Amino acid sequence: MFSYFLRRVILMLPVAFGVSVICFMLVQIAPGDPLTAIMPVDATADEQAAMRAVYGLDKPLPVQYAIWIGNLAQGDMGRSIASGRPVAGEVFGAVNNSLLLAFSAAVIAFPIGIFLGFLAGYFRDSWIDRVVTAISIAGVSVPNYWLGIVLVIIFSVNLGWLPSMGAGPGGSQDWSWDWLHMRHLVLPAVTLAVVPIGIVARTVRALAGDLLTQDFVQALYAKGMSRGDVLRHVARNAAATALSVMGLQLGYLLGGSILIETVFNWPGSGFLLSNAIFQRDLPLLQGTILVLALFFVGMNLIVDVAQAAIDPRIKRS
Amino acid sequence: MRQFTKGFAALALAAGLAFAQGAAAQGTLRIGMTAADIPLTTGQTDQGGEGMRFMGYTVYDSLIEWDLTSADKPSVLIPGLASEWAVDAEDKTKWTFKLREGVTFHDGSPFTSEVVVWNLDKLLDETSEQYDSRQAAQGKSRIPAVASYTAVDEYTLEIVTKEPDATLPYQLAWILMSSKAQFEALGKDWEAFAATPSGTGPWKLETFVPRERAEMVPNTDYWDEARIPKLDKMVLIPLPEPNARAAALLSGQVDWIEAPAPDTIPAMTGNGFVISSNAYPHNWTWHLSRVDGSPWNDIRVRKAANLAIDREGMGALLGGLMVPAKGFLPPSSQWFGEPTFDVRYDPEEAKALLAEAGYSVENPLKVKALISPSGSGQMLPLPMNEYIQQSLAEVGIEVEFMVVEWNQMINLWRAGAADPAVEGSESINFTYFIQDPFTGLIRHLSCDLIAPNGTNWGHYCDPEMQALFEQIKTTFDPAEQDAVLRKTHEKFVNDALFLMVTHDVAPRALSPKVKGFVQAQNWYQNFSSITME
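Protein chains in written order, with numbering that gives the first Met the number 0: chain A, 0 to 316; chain B, 0 to 532.
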């Protein structure tokens, strides 16, 4: 198991390097100027040139990359051009908030998705299956930012039960697990959970449906095993694939919640990323993308290892 | 994004909007800003006009300030930390400023002329220990006239300009004074200063969480008793997404939002929220290219375009929140003057002028216009530009758009009309801060500021206009200077130098609990008079 883990970690390194090159180059392609955020629009050309030199933006791209990756290797992600604050602090603070949101959404989505999927797979082609299929298609089809707005109108504006924005009454820095703070989490987490509910339900439905028709299930029944025990075997067989889907979904939840975080003014990585894009804040953009991409790679690693632990066939292949 | 906004408005109305009351402490005003981050807290702010409004003139003061007490008249310069100033009768580059005595920073240290010199070094002297590139980036370009400065005595300051420049007081209104003592007490570190800033302003920054909130409390020792805040606290919350701002107000999480989307205004007023607005020095124009070969070099074409737009009709798009342009400056400006060209809707006259120039609906003039889908101060650029496109087509001008994202638009504006990057565009839809003589008039058309070295995007250069600009700079009597400014603006309008469309009215939506706010005709506002019911 350890050699498998080590092999996977070593394979991560070229991926991480590729990610760093791509995310550095990608943000250079977009037209625009990071100095726009920190200088009056009518600053003279000389003043702009002087500021460009201060931030090292006048150097050739390969040199800029070398400096960036060199600093990165020493744990220095640079400073945000727009805010002047260290990128690491900005990114990890935001990622922390996004993780809170993503895990909350996962806690809502995965059990519901698994339950619905199993239900639909077990009662395949029945009305239950059709209802679950309808729910999961609706889940993946409804634009979640639209759903977020609707939930805000109903639960914040109309009923006044839940706040519509922010990560707590005093901001995210003093987060604690009490109702005063958690009520800020409810609407964004529920909104964010809708897509993975649909995807997990559909995946589990397909897996359970297939497995239930396989010979080994008949064999288990023939051995006199109870329905519950048979389902446990089916679940174990479905777990590896379902886990990989859920792992990917968790990655998407973390990085793909730009719209949700914008609608709910949630101070997470998606919100940070969208502001960094509008401001062409290159160090912040590169840092955020890199951390999210590496998180995704890390998530894949964890899923692979977990899959291998559950299903020894994967390790052998 | 527009669909997004429309959807929100429709849903909001359908839902009935029985808005909820949030539990707010007495005397706390919570403001939803359009900025995505808390503006820079060290003195010279970032985040444009909003930064100066909420973090500039609240925590800090400048030597000369804007009068923000009246909603009924254009705001003018008034003494701030300098109680009086004068230019030398013999040497018009030498200015003397008498500083207000007895003023202290929030940390208790005294405000003196030595501190002013220290603050100017902070922006202009790269060798000084307090030089801050972030504040310099914001402040240096605001005081181009300043050559040198000295503390004559504790409360007397002398500034020498590079050449005679009567606009110096307007330039100094940008420069905010940070506390030298606080900087030194914090180990001469601007990052530490940003967390615990100290100015002389009416508000003290108590706490702030980057990108999330800033809390201010009154400076009860403020030197101007009339401007000691009445509130217990003011909270600033960055809420860049218009629908999130609207929802936060409607659900009682904030008491005030900047720039509500026009579609959401009926839902707000229908539920008792107050829309505050007023004319202020902002304009929404097409800055026209005057490079060789531009069709806008023909005054008949420029006037025709200005006569082709039904500005009142455009008001419907904006929920009535606009002032139809009658010139480059808003009609209420003290520098509007009496132009002879009446900017109005007269399509027949427009057609006649275009016919003279050789164009008609059948044989239209083709122009290319640079626009952005969004942007700071751009109001609703896409529908507004489409409206203009249709209006111009009706008289014989066919517009092709080049649409670029806002950040890139700023670059193309800096590059100028002759730059290949604008791909032959003959106009740029850029909104302007037009609060003082330089930003309002000079910078757009001065020969020595032709892009990319300056902000004269269209490459316009006219000796008569240049002479007027020189006169503005060399007329030191404020009343006489105002007269020259009026004459200059008259030429702007009479020569139809821009496609003059509309002025924004800085709408903000307030909870009915907010009392005592007077919206000045200015980019900045006074929050000291406000109370919460």
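Backbone N, C-alpha and C fix where the C-beta goes; we use that ideal spot for every residue, glycine too.
Model, not experiment: these values are computed from the prediction.
V20 (chain A): buried (16+ other C-beta within 10 angstroms of its C-beta) or exposed?
-> exposed
Classify Y121 (chain A) as helix, strand or coil using the three-state DSSP reduction.
-> helix
Under 7 Å Cβ to Cβ from F1 (chain A), same chain only, skipping five residues before and after it: list those, please.
-> none
Any idea which residues DSSP pairs E355 (chain B) with across the strands?
-> According to DSSP, E355 (chain B) bridges with nothing at all.
Going along chain A in order, which residues have a C-beta closer than 7 Å to the C-beta of Q407 (chain B)?
-> P30, G31
Residues near P209 (chain B) in its chain [Cβ-Cβ closer than 8 Å; skip 5 each side] | Same-chain partners within the cutoff: D36, I37.
Give me the Cα-Cα distance between F437 (chain B) and R133 (chain B), rounded to the nearest whole angstrom.
-> 23 Å
Drop a sphere of 10 angstroms on the beta-carbon of A22 (chain B), count the other beta-carbons inside from all chains shown, and report buried for 16 or more, exposed for fewer.
-> Since pLDDT at A22 (chain B) reaches only 39, below the 50 mark, its modelled position is unreliable, and the value read off the structure follows with that caveat. When all chains shown are included, A22 (chain B) counts as exposed.
Could you give the DSSP three-state label for R226 (chain A): helix, strand or coil?
-> helix
Enumerate in chain order the residues of its own chain whose CB-to-CB distance from A417 (chain B) is below 7 Å, with the five nearest sequence positions on each side excluded.
-> V290, H458
Count the C-beta pairs between the stretch 269-282 of chain A and the stretch 176-190 of chain A that are closer than 8 Å, then say yes if the count reaches three, no if not.
-> no
Continuous alpha helix (DSSP H) stretch holding R244 (chain B): start and end = In the DSSP assignment, R244 (chain B) falls within the alpha helix (DSSP H) that extends over 241-249.
Just tell me which of B:E469, B:S359, B:D262 has its CA closest to the CA of E347 (chain B).
-> B:S359
Do you know whose CA, among A:A44, A:Y3, A:L5, lies nearest L448 (chain B)'s CA?
-> A:A44
Does R442 (chain B) have its Cβ less than 8 Å from a Cβ in chain A?
-> yes
S268 (chain A) - containing beta strand (DSSP E), residue span = Premise fails: S268 (chain A) lies in the alpha helix (DSSP H), 268-278, not in any beta strand (DSSP E).
How long is the line joining the alpha carbons of N242 (chain B) and A260 (chain B), rounded to whole angstroms?
-> Cα atoms of N242 (chain B) and A260 (chain B): separation of roughly 8 Å, rounded to the nearest angstrom.
CA-CA distance, L179 (chain A) and E240 (chain B)?
-> 24 Å
What residues from the stretch 196-230 of chain B come within 7 Å of chain A, judged by C-beta to C-beta, listed N to C?
-> For chain A, the residues of the stretch 196-230 of chain B that bring a beta carbon within less than 7 Å of one of its beta carbons are V208, P209, R210, E211, R212, in chain order.
What did DSSP end up calling R413 (chain B) once you bin it into helix, strand or coil?
-> helix
Can at least three beta-carbon pairs, one atom from the stretch 451-471 of chain B and one from the stretch 270-290 of chain B, be found at a separation below 8 Å?
-> Yes, they touch.
Excluding the 5 residues preceding and the 5 following T535 (chain B) in the sequence, name in chain order all residues of the same chain whose CB lies nearer than 8 Å to its CB.
-> As shown, chain B starts at 0 and ends at 532. That puts residue 535 (chain B) outside it, with no answer to give.
Select from the stretch 128-142 of chain B all residues with a C-beta closer than 8 Å to any C-beta belonging to chain A, and list them in chain order.
-> S132, R133, A136, Q137, K139, S140, R141
Contact with chain A by W283 (chain B), beta-carbon distance below 8 Å = Not one chain A Cβ lies under 8 Å of W283 (chain B).
Nonlocal neighbours in the same chain, by C-beta distance under 6 Å from V159 (chain B), ignoring five residues either side = T92, K93, A146, S147
Just tell me which of B:A34, B:A165, B:E64 has its CA closest to the CA of F475 (chain B).
-> B:A165
Would you call the stretch 108-127 of chain B and the stretch 24-44 of chain A touching, i.e. three or more CB-CB distances under 8 Å?
-> no
Over what stretch of residues does the alpha helix (DSSP H) that includes V234 (chain B) continue unbroken?
-> No alpha helix (DSSP H) holds V234 (chain B); the beta strand (DSSP E) holding it covers 232-237.
Cβ-based burial, G56 (chain B) [other Cβ within 10 Å; buried from 16] | According to the sequence as given, residue 56 (chain B) is Tyr; it is not Gly. Y56 (chain B) counts as buried, since at least 16 other C-beta atoms from the protein chains shown sit within 10 angstroms of its C-beta.
Going along chain A, which residues have a C-beta under 9 Å from N452 (chain B)?
-> T43, A44, D45
May I ask you to report which of helix, strand or coil DSSP gives L39 (chain B)?
-> coil
Quick one: Cα of W117 (chain B) to Cα of T430 (chain B), how far?
-> Taking the straight line from one Cα to the other gives about 34 Å.
Burial state of Q27 (chain A) (16 or more Cβ within 10 Å) = exposed
Would you mind reading off the limits of the alpha helix (DSSP H) that contains A305 (chain A)?
-> 281-309
Report yes or no: is there a C-beta of chain B within less than 8 Å of the C-beta of M181 (chain A)?
-> No, its Cβ sits nowhere closer than 8 Å to a Cβ of chain B.
Any beta-carbon of chain B closer than 8 Å to the one on I37 (chain A)?
-> Yes, its Cβ sits closer than 8 Å to a Cβ of chain B.
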